[in-house]
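Residue numbers (my numbering): 4 to 310.
Below is one structure, written out as structure tokens, with a few remarks after it.
Structure, rendered in structure tokens:
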């Protein structure tokens, strides 16, 4: 029976535009997903759509999302890994994003970290955004334009949080600091402060939080009130872990000789080590910018020179 002949659900006016016309497997899958709310049936029809070549990339992405809703995390991961070769190149980034979400939900942090590193390497090689300097995305229902620089910082923030889940706080600190160098924001600054607190480097954490309160970092998505509450919670945690008269670690990194190390050098060297990248030979006069995570990809430089 054609979809049009089926009785309409009370919610159908809100979802009708999301259901493709016709009676093919993909259209049936979307009907079961959005109208009938029968997720297991929708999964079966998404499988059929993939096997018959009916909107394969959309069917695979939708099926993985529904599988996550049903708690079939491992099955969804395996499906994307085994079937993504059937999808066009322009669908691979969105498949990666779904896969990252599945890794996070299933606690597969090691695989999440490796995939995030792959995304960062693609940015560096100019392969992100299909060679463009910006991409369109959605944030809280609004359409926005994201630059390569913003995307780099966002992915670095996700990578740092993944290291936090592994309780690898030194690695998380390195990545958060690099993210803040590229495109600072208040939320990542608070996460950096949390990372420093976990290392009992309370003085450094207080400095980071002071910058947030002073407005030296952008607060994304109009969440200034949430950021202030987060800062207050972190400061309270610092107070609870210190005692009158001091004695807490002052948070300054020192090398073996006891002298303080330059922060930019430390971040760069540690970042290179995290990515298993050979440290290049550099003359003293050369730039210290991290080559693996340029703020703007080589494609951007090429387009700027053409202007």
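Idealized CB from N, CA, C, for every residue including glycine.
All values reported here derive from a predicted model rather than from experimental measurement.
Per DSSP, what kind of secondary structure is residue 109 in: helix, strand or coil?
coil
Cβ pair residue 103, residue 118 closer than 8 Å:
yes
Name, in chain order, the residues that DSSP records as bridge partners for residue 147.
140
Is the separation between the beta-carbon of residue 196 and that of residue 237 shorter than 8 Å?
Taking 8 Å as the Cβ cut-off, residue 196 and residue 237 qualify as a contacting pair.
Where do the N-terminal and C-terminal ends of the alpha helix (DSSP H) with residue 237 fall, by residue?
227-244
What number of angstroms, rounded off, separates the C-alpha of residue 164 from the C-alpha of residue 26?
44 Å
According to DSSP, which residues form a beta bridge with residue 221?
188
Rounded to whole angstroms, what's the CA-CA distance from residue 168 to residue 199? Just pull it up for me.
14 Å
When the Cα of residue 115 is compared with those of 124, 126, 100, which residue comes out closest?
With distances taken between Cα atoms, residue 115 lies closest to 100.
For residue 53, count neighbouring C-beta atoms within 10 Å of its own C-beta (all shown protein chains included) and say buried if the count is 16 or more, exposed if not.
Classification of residue 53: buried, given that the 10 Å Cβ count is 16 or more.
Please state the DSSP three-state secondary structure of residue 22.
coil
Reference residue 214; option with closest CA among 71, 122, 191, 92
191
Tell me the DSSP secondary structure of residue 210 in three-state form.
helix
Who are the Cβ neighbours of residue 313 in its own chain at under 6 Å, not counting the five residues just before and after it?
No statement about residue 313 is possible, as the shown extent of the chain runs from 4 to 310 and does not include it.
Closest to residue 65 by C-alpha separation, out of 96, 46, 132, 170, would be which residue?
46
Taking the continuous alpha helix (DSSP H) assigned at residue 29, which residues delimit it?
28-34
Assuming contact is defined by CB atoms lying nearer than 8 Å, are residue 216 and residue 234 in contact in what I supplied?
yes
Extent of the continuous alpha helix (DSSP H) to which residue 44 belongs
Where residue 44 is concerned, the enclosing alpha helix (DSSP H) stretches over 42-55.
Euclidean distance between Cα positions of residue 133 and residue 79:
25 Å
Rounding to the nearest angstrom, what Cα-Cα distance links residue 110 and residue 245 in this structure?
32 Å
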